[in-house]
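Residue numbers (UniProt numbering), protein chains in the order written: chain A, 1 to 318; chain B, 1 to 314; chain C, 1 to 665; chain D, 1 to 338; chain E, 1 to 167.
Glycine included, C-beta positions come from ideal geometry on N, C-alpha and C.
Source: prediction; values computed, not measured.
These notes are about the structure you will find just below.
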Amino acid sequence: MTPGKKNFLNYSYYPGCSLHASGREYDISTQALFKALNLGLKEVPDWFCCGATPAHNVDELLSLSLCAKNLSLADQVEGDLAVACAACFSRLKTTQHHLKEDDTKRQQVETAIAGPASLGKPVKHILEILARDFGLARLEESVKKPLLGLKVAAYYGCLLTRPPEVPELDDCEDPSIMEDILRALGAEPVKWSHRMECCGANFTLSRPGVVLKLSNAILKSAQEAGADCIMVACPLCHGNLDIRQESINKYGTPEGSLMGNIFGSDYIPGSEDGPRREMPIFYVTQLAALAMGVPTDKLGLESVIVDPRPLLNEKDLL
Amino acid sequence: MNAKAEKIRVASIDPSYYQAVTDAIRTEAVKLLSEEAVVAVVGYLPGRRIGTAVPGLVTTPEQAQQLIFSPACVNNLSLYLTKAKKGVLKKGKVAIIAKGCDLRALAGLMGESQVKKEDIYTIGIACAGVFGANSDRKGGLTEASIARKCRECTVHQPEGVDLLVGTLPELPQLTALEAQELARLEALTPEERWAYWKEQFSKCIRCLACRQVCPFCYCEQCLCDKNRPQALESSPRPAGNTAWHIVRAMHLAGRCGGCAECERVCPMDIPLNLLNRRMAMELKELYDYEASMVPQEKGPLTRYQEDDDQSFIK
Amino acid sequence: MSRIGVFVCHCGENISRTVDVERVAKEAGDIPGVAFSCDYKYMCSDPGQNLLKKAVADNNLDGVLVAACSPRMHEKTFRKAASAAGLNPYLCEMGNIREHCSWVHEDREEATAKASDIVKLMVERVKKGKSLAPITVPVTKKALVIGGGIAGIQAALDIADAGHQVVMVEREPSIGGHMAQLSETFPTLDCSQCIMTPKMVDVANHPNITLYTFAEIEKVEGYIGNFQVTVRKKARSVDESKCTGCGVCMTKCPKKKIPNEFDQGHGMRTAIYVPFPQAVPNTPVIDRQNCTMFQSGKCGVCQKVCGPGAVDFEQQDTLIVEPVGAIVVATGFKLYSIERQPEDSPIQGYGEFGYGTIPDIIDGMTFERLASASGPTGGKILRPSDGKEPKQVVFIQCVGSRAREKGISYCSKVCCMYTAKHTMLYHHKVHDGQAYVFYMDARTPGKGYDEFWRRAVEEEEAVYIRGMVSRMYQRGDKIVVMGSDTLVGVQVEIEADLVVMATAVQAQDGADLLAQKLGISYDKYNFYSEAHAKLKPVECATAGIYLAGACQGPKDIPDTVSQASAAAAKVMTLFAKDQLERDPVVAKVNEKYCVGCLACKKVCPYGAVEEREIRDRQGNLVKVVASVNPGVCGGCGTCQATCPSKSVELDGYTDEQIMAMIEAL
Amino acid sequence: MSLLITETNLRSLVDALVKGATLVVGPKHSGSVVLYQPLAAGSDLTLDELPRRSAKELYFPVCEDILTFKRENGKLEVRDIDRSRFPETVLIGAPPCDAGSPSILDAVFSWDYNDEFFLERRRKSTIVGIACTKGDDACFCTAVGLAPDAKAGSDLFLTPLLGGSFRCEPVTEKGQALIDKHAGLFSEGAAGEPVAFADQSTGKLDLPKIKEWLNGHFEDPLWESIADICVGCAACAFICPACHCFDINDEGNPDNGTRRKHWDACGFSKFTNHASGHNPRDIQNKRYRNRIMHKFKYYDDKFGKTLCTGCGRCIRACPVGIDIAEILDTINKKAQQG
Amino acid sequence: MHAEKLQHDFEPKIVAFVCTWCTYAGADLAGTSRMQYPANVRVLKFPCTGRIDPVFILRAFQKGADGVLVSGCHPGDCHYMAGNFHARRRFAAFRALLGFVGVDLERLQFSWVSAAEGGKWVEVVTELTEKVRAMGPMKEFKALEDEEQWSGALNTPELREAFESIT
């Protein structure tokens, strides 16, 4: 990029904890993508954890205050607030929504954070920025290396669009924003059933059996729909779908109907000849950056569990 | 504060801005009249005294050369379309000069079927502000001489006009005196407010200049001129005056465009626009209604919603 | 100076116990303008009324005030008496000194003072009163029925049987509506067409009914008793007067693969067609969009084979103006199409259900056609994708209904019952099949309804799962239905062969546009609003327009038929007199002072205010003023309170009367 | 040697008069405006601004009761106002354009009917005029025959001097009596230099010529062009020292009410509206013509006086900037041209 | 139950503007149910609250009312469908205006009383009467009625006396 060239749009940026830890690839690829698209991205100074996903189950005031404080920090940086993590996005939006609706809560929160709750700044998920602010048409124009032939299962997870009144990202139960982006990138979104199902993120530590089962259902559905890979827009989804494949392959999960109380069937030892899952999981920013011609060593492709490079090689995309 | 700082910046860029607007108005008016696109242009002509301008209706390209725009162009000309010059509209299309605040009145008149959009050609002015009543006009537009309404104007830039003239100079931030005064009155006790208005209204001599300059007071028979039954005492006594100003504010509620002409022309300096502002605030808060520069089908008091506020009703 | 008579009633002791009636009468006598005053034991008795009549005659009174009970009680009585005495009835008023005074106050002094005040106020009112003559409106004894479904048919037949002319307008090529599509009806499981078609034929044959099918309402003008309705009769391309209904054209038409709307797109029809064999009229219509002749100018087979020469490719839309006195709106409903809705729609779709992409997910009406003996499968339950008999069928209730988050919060009322019916029909036809029903609640009020539903559950082996479905997707040739069973607290997944969704009942497309033409109000779902939810469930706020059937809200057949007959009864009541007499308490415009701001028009709940042009003798437009149609005005007076210059005035409650009363406080 | 009064003593004069139960009326601040109002003390008197309303209302109030009526026992009882009890009044601090108007109006109020409301007040009042130093570009008193130091109408005339005191000149006996009664407040001394008069932009008008022109131009395109922008309010007439049209109406109800007299103006569309609905002055230009004609022709025809003191109030107050001085100038020019 | 009759120094004049279909009928019901309430209220009947012009309220205060009650059908119950909806907005605006010019809004009560709410009518009337009684007379408008422009005023004691003694 030419130095001094004016950015097309400028954003403040709340990466969230995951993007600085397990989801580093998401952070790296987001930065790279924004740079490639000539979008400014400036990290909010001194941001801290938004409290997702446990805080709101424990203490509502705490969860709201954490986000409110982060939102007021974000006010120091110009531009709408870009958020990559679906959980952070959900919490920040929820906080704005609750505090706008409820004056009492707002006052409590303002006491807690010792300052005014700033509710005016638009919080935007990366998907929204790509599809709406930047625009699908412009995105399509910017593609340098279309992801031709890549069949992708777009996975939304639970938080991106729900509950209907909060994120205002897309249709709550039947969104299309990820598929729209994929088409703009030249990839082929597959039609599949489990794009809105839960991956079990909340149970990652407490009941891994549940996670295995749910994640497996998602992977299986994508595989059956003919997808080469899955695209996500959340570090937690990514974690579950990517990391768990090994365990699924090792231990397996019972096939068939999910009828029955899944919460009761915790850890189920599998067999060696269980189903194999070998499905690369991409962040939306990785795929987009790839299509924009960002050098592949700047996408964090090497640090994920299921190595996507063979697939990309096969499709001649590296 | 030194004298220089007191002069607001519009004063310093004064001549070229006003000259540019004047030129643009003349060019357009001459063009419209010579092409016979309109039968008349309602605009401003220079007055005899320094810092004055008078409304004028010009019908020839030669007369159009006299049109001006200056901070003395205080009048809301839209009243001429409903009242004094109503007849002109029947002869053909009329062009009218409108500041943002005047435009809201025009839009209101369209919403009330008094003026048809297709019958007029609106020349909107990007207006930096005009003189206040009784202000010293010798030194151009200054913070001291600018009208109170202009200090908190939100419609410097007209919208939806046929032609927009003028480029808005950089405008200084001025304290919202009227809003402050409104807040001060709101903070008083009812007794204190009553005393305030009683003093104001008792000055009234019922010259009815407020009514006559109001673009919305176009009734053929004003309620205050009616005597069977007599809803309002017609004699200029404090009781009748109070009733008159209350009723007028009520009749304007949801219609007033905020040009504050009533206040400007009051020879007794009664702050009539405070009443209109207060009503506008209430209607904004209750029904999210604001006077706009584009016509609206119904005003806030001619429509309703089933879930309107009724916290005041037992 | 007025000459008013004041009559103070004792009402036995009801008033005189706490009010000194003699004193009230005496004080009334001192009021300027009162020429006569007295008190009497029972003013409403015959001697009391005679006293009033005599006093009017003897004292040449020009106004009467009876201070007695509530006017709601006896105003009519005394106005009649005043009228008999030669006084205009509207110059007789009542002062309520019983309900509003003697019964609610115990202190004799206070009550008497108040009674005197009431008399004083009301005397002022009488002084400023005006003689009013009842408004008479001529009535055209011909009714328009919009819609030829069961509601319209019932209303039309009732009105026509009473001897009045009826014009029926139906948008589709045949009358019959949705009921003609149904297979069997709950709770008796009798064949819908068997009970419907005879009524359709009755309409066609009734001497008093003029039927316009394939026609729409273009314009409605006028008011109660005097509507002018313009009907657009769309070009049928077949001359109805010549067509014999032999059907040769249809057998010969080369375009045979057009999905038939009547069968919900699951059967096929030709380009020249009747929607179904029992259609009324049995005159085909050419579907110009699909006709080769119209699209490419080459074909014309139907014209060649038509013996009577009825096929007319040149036919144009015709406009027919019908004067009518009353209108019955019976435009019915449509089923919610749950595919994703446009962005700006307040109704959110159910994309997650895969409807429209998975062929074996169908709606209730399609199931009706599948189950119907005259349907595309001849009454066999075969699924659309491969024509196989489904062995596991999932029925989902409340799709769209009662789903606030999706934009519709109301209950569609008929789905619980018809889903129960569907499970039975299915079980009768596929004995080894299993029906599952996802439901929120089973709502079965109605005669024999709950028994019917229990039969479905207990005898016909339908499995009812209380809970909603979250997602459906195709897996192989099965549809995986994911949902929850909230009673057991588990998530369930059923592999179904066919899914039938009871989608919400919605107002017809264009219901809002028709309402605007008619000047009637509608709710946010475009269902038409009745004048009063309890007491005027059939009337519209606009006088002379009545509602029947599901256009007002979801309804089953018995309710629809009842309402249609009720609407017909209302029309007949209206037609019982040659002239409609209306209370003269209506608004009048003072055209001299009206400036035509039309604020009155904006607030009028009845749409009674129109614009009127005033022209001079040369025909030049002087001004436009408001004008109140007395036939339509309801008399609320909102216009007058809104008018800044009081250029519109409500008779009977004039500003002069009210101000005089306030002055007398 | 002249008779002088210091400003302090002028205020003391007011105090003394008030103590003596005299109604003293003079310019006084009321919020942002200065109006002629009853003074409670000398300190109320303000001499640095021309009052918004003229002094005519002292004699011809905005609104006054003229009788009351009540129907009792079927009989209508009418009660008149006892004018003999009107108070003694001193009008103080009126510049020539205000001080001069009551004497112009005497003619009309004592013509075919003696308006005792006006005349009784006139009899009981003394006018202390003061020379004008505050004129602006709306003033034109010199054009209509007055002057900033004209004594016409005043009983006692004050001239502000540099240094703060006033030269006092009794004009009438009433004025002399006022001096005599409060002799202690006045002193003899050498009059210093008077404060300069304000310049007036309008030159002298030839009033007889103007009248002559008006005589022949009842119908003239001029009226149309003048009234072109008039909005029909009464601001000009109500603040005018000379306009004296009034309306009488009954308020209350036929059985109990008050008859009131209050200002009327030729600007109003209801002015001279007949009960039939016909109005001989049915359009604004006829009404505006009446304003000019009345001031410069009719009144002169009848009473030999011009009904204008050139105070310029109507020019300042007109909502649309109609400028009577400019109009007169136009007529003057037309008249000169013949 | 016969509450002991209390003597008050001041009996306020309460004016009620009511619609004929709901509140007037509700007041009738209070009567037929023999409920008791203060006799201070004078009822003016209108077809609908939609007919009630704010000028009437103003006029009532000017003509000596110490309290004004405006009452009609509950929203949705209007005999004329929408009259009370329009009235509601009009009164909300008018109330704000009166408050702004300094009228104590405690003297102006709006209520919805249906034909079935005889009890509510009694409650509303009693409450307003007692409230206004405690507040004392509505002096503002009455005082205004007696005032004149200074020039038309008979403002010295002698003149006032003279006026009173006019024959």
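Let me check one thing: in DSSP terms, what residues is D264 of chain D bridge-paired to? D264 of chain D pairs with nothing; no bridge assigned.
Using a Cβ-Cβ cutoff of less than 7 Å, which residues in the same chain neighbour E255 of chain A once the five nearest sequence positions on both sides are dropped? Note on E255 of chain A: pLDDT 45, under 50, position unreliable in the model; no value is reported.
I need the straight-line Cα distance from L328 of chain D to D300 of chain D, nearest angstrom please. 16 Å
S110 of chain D in three-state terms, based on DSSP: strand
Counting only beta-carbon separations shorter than 8 Å, does E130 of chain E have a partner in chain D? no
Output the distance between the C-alpha atoms of Q289 of chain C and K577 of chain C, rounded to the nearest integer angstrom. 48 Å
For the stretch 20-33 of chain B, which residues have a beta carbon sitting closer than 8 Å to at least one beta carbon of chain E? none
Residues of the stretch 74-86 of chain E in Cβ contact with chain B at a cutoff of 8 Å, in chain order, please. P75, G76, A82, F85, H86
Please name the residue, chosen from B:E261, B:R228, B:P46, that lies closest to D655 of chain C on a Cα-to-Cα basis. B:R228
By the criterion of Cβ-Cβ separation under 8 Å, what are the contact partners of M43 of chain C in chain E? Chain E residues near M43 of chain C: none, gap ~17 Å exceeds 8 Å.
Locate the beta strand (DSSP E) running through S627 of chain C, then write down its first and last residues. 621-628
By Cβ distance, which residues of its chain are closer than 7 Å to L177 of chain B, with the 5 residues on each side in sequence left out? R148, R151
For residue 174 of chain E, which of E:A39, E:Y80, E:Q62 has the nearest alpha-carbon? In the structure as shown, chain E begins at 1 and stops at 167. Residue 174 of chain E is therefore absent and cannot be evaluated.
Are the C-beta of P32 of chain C and some C-beta of chain B separated by less than 8 Å? no
Near-chain C residues of the stretch 208-230 of chain B - C-beta to any C-beta below 8 Å: Y218, C219, E220, Q221, C222, L223, K226, R228, P229, Q230
Whole angstroms are fine: how far does the CA of S412 of chain C sit from the CA of G448 of chain C? 19 Å
What does E663 of chain C reach in chain D if we use C-beta pairs closer than 7 Å? N253
Taking only beta-carbon positions, decide if N273 of chain B is within less than 8 Å of chain D. no
Taking only beta-carbon atoms, is K83 of chain B less than 8 Å away from chain C? no
Taking DSSP as the reference, what is the three-state secondary structure of N202 of chain A? helix
Check the C-beta distance from F452 of chain C over to M417 of chain C and give it rounded, since I have them as a contact under 8 Å. 7 Å
Environment of G226 of chain A [buried if 16+ CB atoms lie within 10 Å]: exposed
Quick check: the stretch 113-125 of chain C against the stretch 158-174 of chain C, are there 3 or more CB pairs under 8 Å? no
So the beta strand (DSSP E) L547 of chain C belongs to, where does it begin and stop? 545-547
Any non-hydrogen atom of the ligand NAD closer than 7 Å to Q284 of chain D Cβ: Among the ligands in the structure shown, none appear at all, so the ligand NAD cannot be discussed.
Rounded to whole angstroms, what's the CA-CA distance from E186 of chain B to E127 of chain E? Just pull it up for me. 27 Å
I need the boundaries of the beta strand (DSSP E) containing F34 of chain A, first residue and last residue. Where F34 of chain A is concerned, there is no enclosing beta strand (DSSP E), although the alpha helix (DSSP H) it sits in stretches over 24-36.
Assuming A28 of chain C contacts S37 of chain C (C-beta within less than 8 Å), just tell me the rounded distance between them. 4 Å
With C-beta atoms as the reference, is V90 of chain D less than 8 Å away from V128 of chain D? yes
Under three-state DSSP, which class holds C245 of chain D? coil
What are the residues that DSSP puts in a beta bridge with residue 349 of chain D? Examination of residue 349 of chain D is not possible in this model, given that chain D is present from 1 through 338 alone.
What does I5 of chain D touch in chain B if you count any residue whose Cβ is under 8 Å from its own? Near I5 of chain D there are no residues of chain B at all, since even the closest Cβ is about 31 Å away, more than 8 Å.
Beta-carbon contacts of A16 of chain E that lie in its chain and below 6 Å, excluding the five residues immediately before and after: V41, V43, L69
Only counting the same chain, and skipping five residues up and downstream in sequence, which positions put a Cβ closer than 8 Å to that of K80 of chain C? P89
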